[in-house]
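Asks: I have a structure here, written as structure tokens, and I will follow up with some questions on it.
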Amino acid sequence: MNISIICLDAEFADNEELLELSLFGLDGKEIYHCYYRPEMIDDWRTDIHHITPEMVADKQPFSEVKGEVQRLLDEAYALTGFAVDNDLRVLTRSGISGLDDKRVIDVKDMYWYQKGRAEEMSPFAVPSLIVCANALGLDFSEATAHSASADTEATLKCFNLLLNSYIEGKGKSDAAEEDVDAFINEINDARALFVQDSARGYVKVGKYKEYHKVYFGKSSDSGERTLLFEVEVADRYKAEYELRKLLKKKEVPGKHNLYKLTLKQLDDIRRYKNEYNAEDSAWCKKILRNLSRLTL
Numbered sequence: 135m136n137i138s139i140i141c142l143d144a145e146f147a148d149n150e151e152l153l154e155l156s157l158f159g160l161d162g163k164e165i166y167h168c169y170y171r172p173e174m175i176d177d178w179r180t181d182i183h184h185i186t187p188e189m190v191a192d193k194q195p196f197s198e199v200k201g202e203v204q205r206l207l208d209e210a211y212a213l214t215g216f217a218v219d220n221d222l223r224v225l226t227r228s229g230i231s232g233l234d235d236k237r238v239i240d241v242k243d244m245y246w247y248q249k250g251r252a253e254e255m256s257p258f259a260v261p262s263l264i265v266c267a268n269a270l271g272l273d274f275s276e277a278t279a280h281s282a283s284a285d286t287e288a289t290l291k292c293f294n295l296l297l298n299s300y301i302e303g304k305g306k307s308d309a310a311e312e313d314v315d316a317f318i319n320e321i322n323d324a325r326a327l328f329v330q331d332s333a334r335g336y337v338k339v340g341k342y343k344e345y346h347k348v349y350f351g352k353s354s355d356s357g358e359r360t361l362l363f364e365v366e367v368a369d370r371y372k373a374e375y376e377l378r379k380l381l382k383k384k385e386v387p388g389k390h391n392l393y394k395l396t397l398k399q400l401d402d403i404r405r406y407k408n409e410y411n412a413e414d415s416a417w418c419k420k421i422l423r424n425l426s427r428l429t430l
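Counting from 1, position 29 in the sequence shown corresponds to residue 163 in the working numbering; the numbering is continuous, with no gaps.
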């Protein structure tokens, strides 16, 4: 497999200051490893990565040696890692440029696409690297995890197993750059479809004493005794945001989900429809999540 892909893992403190970085090539050889002395730190998180202040006391800060890392990442065709967005975010904050323009294929997403979907797993509920590695037949445990080198090596082995499985499914024996691009695109398309399907649901209106209960969910409540009617929608998050805004003045004070609705307002809900848009849906979901925190 003659593709310039770098597998990476970073360990960092609670303030996301880099403490350790490991880079592996596809041939399984570590091409870069270094510890760094933090310049500002709140919590070392030693219980996670086992890096102590004494281990890095004589090391240079990342800001003084980042040039070599920048060069290696610039030369790579693509980058991979496990939950690699976290590592790339920290590297960007630490002064590495150009990462937003890189091809990135996350082993966590690869595992979901190749293995998790068959188990009806959410792409947002993929288990840890240890669990994924063991499920793929690798011997990787808590005893060896959470050093950058060990995690990167295990991640690379998972990457190769999952990429080879994908390639074999296409009737090929070796991967080329266009195969990696195709894999990335298929994963992104599958995630987008999963998110869109997850957004589908129902607006439900029920009766509670002298009030109307308006609530939202993924599945139908058909047959529920107190249900007056329900409306299927393409995006339940957008529906909840728009209808709560529309009905706000009719909400019973201190009674979440309960409203005093007129016949016209009930008819407006019956006629309600929407269309799915990924950006709008994500925005509405974020707003609703923040509002729910405020009401706790």
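Note that beta-carbon positions come from the ideal geometry of N, C-alpha and C, so glycine has one too.
If distances are taken between C-alpha atoms only, which option among Ser307, Leu327, Ala326, Ile301 comes closest to Asp315?
Replies: Looking up residue 315 in the sequence shown gives position 181. Selected option, being the one with the closest Cα: Ile301.
Asks: Please report the straight-line C-alpha distance between Gly215 and Tyr406, rounded to a whole angstrom.
Replies: Position 81 of the sequence shown, counting from 1, holds the residue named residue 215. Position 272 of the sequence shown, counting from 1, holds the residue named residue 406. Rounded to the nearest angstrom, the two C-alpha atoms are 43 Å apart.
Asks: Are Asn172 and Glu188 touching if we call contact CB-CB under 8 Å?
Replies: Along the sequence shown, one-based indexing puts residue 172 at 38. Along the sequence shown, one-based indexing puts residue 188 at 54. It should be noted that the sequence gives Pro, not Asn, for residue 172. In this structure, Glu188 does not lie closer than 8 Å to Pro172 by Cβ.
Asks: Start and end of the alpha helix (DSSP H) containing Ser156?
Replies: Position 22 of the sequence shown, counted from the start, is the residue given in the question as residue 156. Per DSSP, Ser156 belongs to no alpha helix (DSSP H); it is in the beta strand (DSSP E), 152 to 159.
Asks: Do you know whose CA, among Ala269, Thr286, Ala310, Val265, lies nearest Glu276's CA?
Replies: The residue given as residue 276 occupies position 142 in the sequence shown. Among Ala269, Thr286, Ala310, Val265, the Cα nearest to that of Glu276 belongs to Val265.
Asks: From Leu270 to Val190, what distance separates their C-alpha atoms?
Replies: As a first step, residue 270 must be located in the sequence shown, where it is residue number 136. As a first step, residue 190 must be located in the sequence shown, where it is residue number 56. Using only the alpha carbons, I get a separation of about 34 Å.
Asks: Hey, out of Ala259, Arg205, Asp219, whose CA is closest to Ile165's CA?
Replies: Taking the sequence shown and counting its residues from 1, the one referred to as residue 165 is at position 31. Minimum Cα distance to Ile165 is reached at Arg205.
Asks: Are the beta-carbon atoms belonging to Leu296 and Ala309 less than 8 Å from one another?
Replies: Translated into the one-based positions of the sequence shown, residue 296 becomes position 162. Translated into the one-based positions of the sequence shown, residue 309 becomes position 175. No, the Cβ-Cβ distance between Leu296 and Ala309 is not below 8 Å.
Asks: My understanding is that Val339 touches Leu362, with C-beta atoms under 8 Å, so please give their C-beta distance in whole angstroms.
Replies: The residue given as residue 339 occupies position 205 in the sequence shown. The residue given as residue 362 occupies position 228 in the sequence shown. Rounded, the Cβ-Cβ distance is 5 Å, consistent with contact.
Asks: From the DSSP output, read off the bridge partner residues of Cys168.
Replies: On the sequence shown, position 34 is the one that residue 168 refers to. According to DSSP, Cys168 bridges with Leu155.
Asks: Could you tell me which of Leu272, Ser353, Gly303 sits nearest to Ala288, measuring between CA atoms?
Replies: Here residue 288 refers to the residue found at position 154 when the sequence shown is read from its first residue. Of the candidates Leu272, Ser353, Gly303, the one whose C-alpha sits nearest the C-alpha of Ala288 is Leu272.
Asks: Using the three-state DSSP reduction, which class does Lys407 fall into: helix, strand or coil?
Replies: As a first step, residue 407 is located in the sequence shown; it is residue number 273 there, counting from the start. Three-state result, Lys407: coil.
Asks: Taking C-beta to C-beta, are Lys293 and Val224 nearer than 8 Å?
Replies: Counted from its first residue, the sequence shown places residue 293 at position 159. Counted from its first residue, the sequence shown places residue 224 at position 90. In the sequence on display, residue 293 carries Phe and not Lys. Not closer than 8 Å, so no.
Asks: Just to confirm, are Ala212 and Lys236 a CB contact at a threshold of 8 Å?
Replies: Position 78 of the sequence shown, counting from 1, holds the residue named residue 212. Position 102 of the sequence shown, counting from 1, holds the residue named residue 236. Cβ distance < 8 Å, so Ala212 and Lys236 count as in contact.
Asks: Excluding the five sequence neighbours on either side, which residues of its own chain have a C-beta within less than 6 Å of the C-beta of Cys418, listed in chain order?
Replies: Here the question's residue 418 lines up with position 284 in the sequence shown. Result list for Cys418: Tyr371, Lys372, Tyr375, in chain order.
Asks: Less than 8 Å between C-beta atoms, sequence neighbours within five positions excluded: which residues of the same chain meet that for Leu233?
Replies: Reading the sequence shown from its first residue, position 99 is the one you call residue 233. These residues qualify, in order along the chain: Leu207, Leu213, Leu222, Leu225, Thr226.
Asks: For Ala326, which residues in the same chain have their Cβ closer than 6 Å to its Cβ, ignoring the five residues on either side in sequence?
Replies: Here residue 326 refers to the residue found at position 192 when the sequence shown is read from its first residue. Same-chain partners within the cutoff: there are none.
Asks: Compare the beta carbon distance of Thr286 and Ser156 with 8 Å and say whether it is the shorter of the two.
Replies: Along the sequence shown, read from residue 1 onward, the residue named residue 286 stands at position 152. Along the sequence shown, read from residue 1 onward, the residue named residue 156 stands at position 22. The answer is yes: Cβ separation under 8 Å.
Asks: Let me know if Met174 comes out buried or exposed under the rule of 16 or more other beta-carbons within 10 Å of its beta-carbon.
Replies: The residue given as residue 174 occupies position 40 in the sequence shown. Exposed: under 16 other Cβ atoms inside 10 Å.
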